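Q:
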């Protein structure tokens, strides 16, 4: 699958990088082992941060800066990893969905990056582009209904938007029947170690989702 960055996005977010991964997966309801690992991570985050410190974490701060550069208020449409951390620090814990979604959330929390996980068989066409959401562009956020993505970074396939750092799209969401996954990892901060991020991704998804046949590529501005 080819992934391209639109010129407008590149002009507004110089230095941007992303990791694009496809792999075969075995999805399942959340296991006890996964739940225990999520609980341990949540406890670490809750003990380490206060709510007002979350948006200053380098990877999250860089994501928020990208939102502003693209024309979106990050306080109204928070990046997903910031949403998760705020939930944890407020003592609400981590919700579970299924193995793939849960590990995607865990990866996002461990790296500070926005992570998109999509059912590759639902992605339309052979090319995905990264651009900026347009006025009145239709988009159905998972569990959120219609989402105003104007000014948000957005990955699109031939049909339309599939993922933003705030919420992925219902149309291409991961389900228990998912067997092939497309993943996008936004590296808005130059401080993020790309190789370590890929290694962590491989380890988590191999261990919890029996992921195999990885293909890994990067895009950058």
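Residue numbers (my numbering): 2 to 222.
Every residue, glycine too, gets a C-beta built ideally from N, C-alpha and C.
Just so it is clear, the structure is predicted and the values come from calculations on it, not from any experiment.
Rounded to the nearest angstrom, what separates residue 26 and residue 213 at their Cα positions?
A: Translated into positions along the chain shown, residue 26 becomes position 25. Translated into positions along the chain shown, residue 213 becomes position 212. Straight-line Cα distance between these residues: approximately 7 Å.
Q: Residues in its own chain within less than 7 Å of residue 203 by CB, not counting five upstream and five downstream?
A: Walking along the chain shown from the start, residue 203 turns up at place 202. Excluding sequence neighbours, residue 203 sits near 215.
Q: Along the chain, where does the alpha helix (DSSP H) containing residue 203 start, and where does it finish?
A: The count along the chain shown starts at 1 and reaches residue 203 at position 202. Residues 195-210.
Q: Distance, Cα to Cα, residue 86 vs residue 92?
A: Along the chain shown, read from residue 1 onward, the residue named residue 86 stands at position 85. Along the chain shown, read from residue 1 onward, the residue named residue 92 stands at position 91. Distance between the alpha carbons of residue 86 and residue 92: 10 Å.
Q: Using C-beta distances below 6 Å, list every residue in its chain close to residue 112, excluding the 5 sequence neighbours before and after it, in chain order.
A: By one-based count along the chain shown, residue 112 stands at place 111. Cβ neighbours of residue 112 beyond the five flanking positions: 198.
Q: Less than 7 Å between C-beta atoms, sequence neighbours within five positions excluded: which residues of the same chain meet that for residue 58?
A: Within the chain shown, numbered from 1, the residue matching residue 58 stands at position 57. Closer than 7 Å at the Cβ level, and outside the excluded window around residue 58, lie 113.
Q: Give me, in chain order, the residues of the same chain whose beta-carbon lies closer than 6 Å to that of residue 142; leave out the 5 immediate sequence neighbours on both sides.
A: For the purposes of this step, residue 142 is taken as residue 141 along the chain shown, with counting starting at 1. Result list for residue 142: 148 and 168, in chain order.
Q: For residue 175, I'd like the list of residues in its chain whose CB is within less than 6 Å of its CB, leaving aside the five on either flank, ordered along the chain.
A: Residue mapping note: residue 175 aligns to position 174 of the chain shown, counting from 1. Here the set comprises 101, 102, 118 and 120.
Q: Going by beta carbon distance, what residues of the same chain come within less than 8 Å of residue 7, once the five residues before and after it are set aside?
A: Against the chain shown, residue 7 aligns to sequence position 6. Same-chain partners within the cutoff: 130, 131, 132 and 133.
Q: Measuring straight from C-alpha to C-alpha, what distance separates residue 32 and residue 104?
A: Start at 1 with the first residue of the chain shown, and residue 32 comes out as number 31. Start at 1 with the first residue of the chain shown, and residue 104 comes out as number 103. Those two C-alpha atoms are separated by around 11 Å.
Q: Beta-carbon within less than 8 Å of residue 1's beta-carbon, same chain only, minus the 5 sequence neighbours each way: which residues are those?
A: Given that the chain is displayed from residue 2 to residue 222, the structure contains no residue 1 and the question cannot be resolved.
Q: Thinking residue 164 and residue 138 are a contact (beta carbons under 8 Å), I'd like their distance in whole angstroms, please.
A: Working through the chain shown from its first residue, we reach residue 164 at position 163. Working through the chain shown from its first residue, we reach residue 138 at position 137. Contact flag wrong, Cβ pair sits at about 13 Å.
Q: On a Cα-Cα basis, can you pick out the residue from 17, 83, 217 and 4 that is closest to residue 71?
A: Here the question's residue 71 lines up with position 70 in the chain shown. Closest option to residue 71, Cα to Cα, is 17.
Q: With a cut-off of 8 Å on the beta carbons, I'd call residue 83 and residue 55 a contact; round off their distance for me.
A: Translated into positions along the chain shown, residue 83 becomes position 82. Translated into positions along the chain shown, residue 55 becomes position 54. The Cβ separation is near 6 Å, so the contact holds.
Q: Residue 159 and residue 21 - do their beta-carbons sit closer together than 8 Å?
A: Here residue 21 refers to the residue found at position 20 of the chain shown. Here residue 159 refers to the residue found at position 158 of the chain shown. Going by C-beta atoms, residue 21 is not nearer than 8 Å to residue 159.
Q: Buried or exposed, going by whether 16 or more other CB atoms sit within 10 Å of the CB of residue 153?
A: As a first step, residue 153 is located in the chain shown; it is residue number 152 there, counting from the start. Buried: at least 16 other Cβ atoms inside 10 Å.
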